[in-house]
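S.K.:
Residue numbers (our numbering): -2 to 250.
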């Protein structure tokens, strides 16, 4: 009897995913989804997006159940991976490691050279180590070779770092799910507005504190001291906005 065809659909993007969406897509495309229990290449009963825990022959899920199971499983794995980190991890590094843990199990992940290299800040070594996990049932499987290559590529992708923490909370997912607050245009950013205002105010206070020096500079340039103060404030505000622009380019909302 032919096996249940695999769906080409991705899971519900609007669930509270604990990793970046790129990582979710990698996992979903690697696992695919079947709504009737089947045996994987090692003979283990599997259902949904690669779930094996508690799966028995004849079990069936709806697509909603399969998506919810994947999301809940990843939330638990994200917490375990976070707890194993002693070095900062970017969104993409973290997603790649969660994808690996989803496939090989958190126990194997904790003893992997990937985690060891990452925690030693050896990113190149960690990326190379993904390729070591390419076997199932004692033999190399091309599907695992391909998946490890995609995970290594994701791990090395550019993304802003996050400090490693013990434990995992809902706040760690802020800004990653599609129903998060949209990113504001740079000019409307509260950080830019309040930051520029604060620096400008500080510049005015500093200039006032050192008014003799300001006056001396103003006389040497044959301009009003007020203009000198204004120039200082404008330059300071421009620096804040420029730094914010660089952060936005780097992916910081």
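All C-beta atoms in this analysis are idealised placements derived from N, C-alpha and C, irrespective of residue type, glycine included.
Give the DSSP-derived three-state secondary structure of residue 33 in the structure shown.
M.R.: strand
S.K.: The alpha helix (DSSP H) with residue 140 in it runs from where to where?
M.R.: Segment 139 to 153, the alpha helix (DSSP H) holding residue 140.
S.K.: Compute the beta-carbon to beta-carbon distance between residue 131 and residue 145, rounded to the nearest angstrom, for a pair I have assumed lies under 8 Å.
M.R.: 6 Å
S.K.: From 90, 38, 53 and 18, pick the residue whose C-alpha is nearest to that of residue 134; which is it?
M.R.: Looking at the Cα atoms, 38 is the closest of the given residues.
S.K.: Mind reading off the beta-carbon distance from residue 45 to residue 68? Whole number of angstroms is fine, and I expect it under 8 Å.
M.R.: Actually they do not touch by this definition, with Cβ atoms about 11 Å apart.
S.K.: Below 8 Å on the Cβ atoms is my guess for residue 66 versus residue 48; work out the distance and round it to an integer in Å.
M.R.: 6 Å
S.K.: At what residues does the alpha helix (DSSP H) containing residue 18 begin and finish?
M.R.: Segment 18 to 28, the alpha helix (DSSP H) holding residue 18.
S.K.: Between 60, 19 and 9, which has its C-alpha nearest residue 87's C-alpha?
M.R.: 19
S.K.: For residue 59, collect the residues of the same chain with a Cβ closer than 8 Å to its Cβ; drop the 5 residues on either side in sequence, then sort them by chain order.
M.R.: 32
S.K.: State the DSSP-derived secondary structure class of residue 48, mapped to helix, strand or coil.
M.R.: In the three-state reduction of the DSSP assignment, residue 48 falls in the strand class, which pools E and B.
S.K.: Could you give the first and the last residue of the continuous alpha helix (DSSP H) run that contains residue 95?
M.R.: 88 to 101
S.K.: Do you know how far the Cα of residue 25 is from the Cα of residue 137?
M.R.: 21 Å
S.K.: Identify the residues that DSSP records as bridge partners of residue 108: which are they?
M.R.: For residue 108, which the question treats as bridged, DSSP gives no partner whatsoever.
S.K.: Nearest by alpha-carbon distance to residue 104: which of 153, 119, 81 and 93 is it?
M.R.: For the residues 153, 119, 81 and 93, the minimum Cα distance to residue 104 belongs to 81.
S.K.: Do you know offhand how far residue 85's Cα is from residue 55's?
M.R.: Answer to the nearest angstrom: the Cα atoms are 43 Å apart.
S.K.: Tell me which residue opens and which closes the alpha helix (DSSP H) that residue 66 is part of.
M.R.: 60 to 81
S.K.: Put residue 128 into one of helix, strand or coil per three-state DSSP.
M.R.: helix
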